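For reference, the structure is listed below as structure tokens.
Residue numbers (the working numbering): 260 to 894.
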């Protein structure tokens, strides 16, 4: 019987050891390593005493989640302490693989499940981590262990098809199956991948007949926010199995559908367990943020489209850092675009999440995000650059780093020097020592820029078209500096009740609110915190929607060790506005923005906006000033 071979991706992700973060990105990853990510296994029982390493605590998804994030963090930083922690987990799991190939605990009770024996879902996560370990270390144990584990899962699916979480999240298993097939060429793996797809939830049909078009009153697997974030990679998985070019359209349509009914200014969609509509106070679970990012990284590899990279940067530079305490010793379960207070309250806006869902802590609301949050920054860093097509090397997202690779056996290094996304210029220094290397250098030109230019060495600057890849194909030798200038025009995004959000390049600019942090639980450094506002937040902006640059002035400062913090924000925007007294707190959150335009007799004030990712409290969607409101208020 003919088995269709696995279709090549447009781009090939680089092994972990290929890239080294520098500049602000290295500082950010170091903050993460010195915060919860690098110490969670020392005090949090579900990692420290996990059943996956012989303990008695959680034996389901939490251990693999943590490993899947801390492992790339360790190798990106070349941190021996973290690599030792990851090795301990890998060694224990491999040495305790069951005789039939099963990896991990046999019985793993967990929240909301009726079937806890031989649940394959946690193994999906583990296999992703094992693949990263093999790429980073060359460990010869990994491929045989994965073969045995997948043979066991193959047999299990004949007895007990995918169910519950595993059924919804089947693309994550298919991803590891495809990874293994690339290394072994075994046909049975493609049969297994198609079996998994056939048993899995049909997300393509789900999107085509999308029923969850407003805030959901009740939680179910089909409207779960994290399931959607994970499912966004499904078109990439289907494409490699079928070769159907229509899957790139399906991917874009899925994103557009979620934007239409649940989208936020930061590029994410709302969901406090269930999808939650477009109200900017509604909130989004941290797991959904990092899983959306990983799905976009897989879509980028499969299809190589600029729009997916634009979205990835938007989430990485806005939603991701904002959901952590700046020192990364605490996180939120739910972040809100309009987040004016973070406190424990039984009167809450969320459908499912509990009274502490938006405080900053070790495990507010539920521990899944505590385990899963670690992959966001490291996997983003690891996917800044990819190989392909052919001998080309492609820049997909921009941050300071060094990339090392080979072209026909010749070592090549690219040093990326930049303070992007806070500044508009990126320098790529291409270094080929002791000879020449011919390859295309492909630079992403974001869809939002206007007037982009690329300069190679001392040549004249060349115009670069937005929404494309600028290709420099040449014989490289010695040191060559490529300078990329990406002008960041100011635009206005219209949101809920016609509220405005200020956008400049990849960053969203939001109203800065004074903060009062109050420790409510735990011990330092891993404590739980409420955050109260110390300055007014209920403003309407005096802004020219058509020409916002006329009413907003931007000021840049140096990029410090912790740029994603209120004190360290490298860019500030000055704008004017008036208080809107009728706009108050409702259900422990900012009430929906009054319909724009609004009238106010309050004094005109000078206001400061800073990047969303630099804030802990903020207002992202603000009404604009004008005549009396003419629109009906959305509930």
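For each residue, glycine too, the CB sits at the ideal point set by N, CA and C. Bear in mind the structure is a predicted one, so any value in this text is a computation, not a measurement.
| Query | Result |
| --- | --- |
| Ordered along the chain, which non-local residues of its own chain (more than five positions away) have a Cβ less than 7 Å from that of residue 702? | 654, 713, 728, 729 and 743 |
| Measuring CB to CB, does residue 579 end up less than 8 Å from residue 636? | yes |
| What is the DSSP secondary structure of residue 887, reduced to helix, strand or coil? | Because residue 887 sits at a pLDDT of 41, beneath the cut-off of 50, its placement in the model cannot be relied upon, and the following sentence gives the value as read from the coordinates. Here residue 887 sits in coil by DSSP. |
| What residues in its chain sit with their C-beta under 6 Å from that of residue 894, if we drop five residues either side in the sequence? | Its pLDDT being 41, under 50, residue 894 is placed unreliably by the model, and nothing is read from it. |
| With a cut-off of 8 Å on the beta carbons, I'd call residue 851 and residue 757 a contact; round off their distance for me. | At roughly 11 Å, the Cβ-Cβ gap does not stay under 8 Å, so residue 851 and residue 757 are not in contact. |
| Does the beta-carbon of residue 302 have 16 or more other beta-carbons within 10 angstroms, so that it is buried, or is it exposed? | exposed |
| Helix, strand or coil: which one does DSSP assign to residue 553? | helix |
| Excluding five sequence neighbours on each side, which residues of the same chain lie with their C-beta closer than 8 Å to the C-beta of residue 593? | 531, 542, 543, 544, 545, 609, 612, 616, 617 and 624 |
| At the level of alpha carbons, what is the spacing between residue 356 and residue 364? | 9 Å |
| Closest to residue 319 by C-alpha separation, out of 366, 572, 833 and 759, would be which residue? | 366 |
| Buried or exposed for residue 517, going by 16 or more other Cβ atoms inside 10 Å? | buried |
| I need the boundaries of the alpha helix (DSSP H) containing residue 307, first residue and last residue. | 304-307 |
| Near residue 846, what residues of its chain come up, given a Cβ to Cβ distance below 8 Å and the 5 sequence neighbours on each side ignored? | 606, 607 and 608 |
| In the structure shown, what three-state DSSP assignment does residue 352 receive? | helix |
| How many Å lie between residue 892 and residue 538 at the Cα? | Reliability fails at residue 892, whose pLDDT of 39 lies under 50, so the model's placement of it is uncertain and no value is given. |
| With respect to the alpha helix (DSSP H) encompassing residue 637, which residues constitute its N-terminal and C-terminal limits? | 635-641 |
| Out of 299, 309, 789 and 885, which one is the CA nearest neighbour of residue 604? | 789 |
| At the level of alpha carbons, what is the spacing between residue 345 and residue 334? | 10 Å |
| Anyone know if the C-beta pair for residue 421 and residue 455 falls short of 8 Å? | yes |
| Can you have a look at residue 443 and say buried or exposed, based on whether 16 or more other CB atoms are within 10 angstroms of its CB? | exposed |
| Among 417, 573 and 328, which residue has its Cα nearest to the Cα of residue 387? | 328 |
| For the pair the segment 744-764 and the segment 669-689, tell me if three or more CB-CB distances fall below 8 Å. | yes |
| To which residues does DSSP link residue 755 through a beta bridge? | Answer is none; residue 755 lacks a bridge partner. |
| Are the beta-carbon atoms of residue 427 and residue 486 separated by less than 8 Å? | yes |
| Hey, out of 751, 279, 325 and 451, whose CA is closest to residue 306's CA? | 325 |
| Give me the Cα-Cα distance between residue 872 and residue 350, rounded to the nearest whole angstrom. | 37 Å |
| Where residue 265 and residue 500 are concerned, what is the direct C-alpha to C-alpha distance, given to the nearest angstrom? | 6 Å |
| Cβ of residue 448 within 8 Å of Cβ of residue 439? | yes |
| With a threshold of 7 Å on Cβ separation, who are the neighbours of residue 308 within its own chain once the five nearest residues in sequence on each side are excluded? | 314, 315 and 316 |
| Grouping DSSP H, G and I as helix and E and B as strand, with all else coil, what is residue 339? | helix |
| Skipping 5 residues on each side, what residues in its chain have a beta carbon closer than 7 Å to that of residue 628? | 544, 545, 546, 590 and 592 |
| In this structure, what does DSSP give as the bridge partners for residue 534? | 530 |
| Pull up the distance between the alpha-carbon of residue 883 and that of residue 724, whole angstroms please. | 32 Å |
| Per the contact definition of three or more C-beta pairs closer than 8 Å, is the segment 797-810 in contact with the segment 277-286? | no |
| Could you check the C-alpha separation between residue 769 and residue 675 for me, to the nearest Å? | 28 Å |
| What would DSSP say about residue 645, mapped onto helix, strand or coil? | strand |
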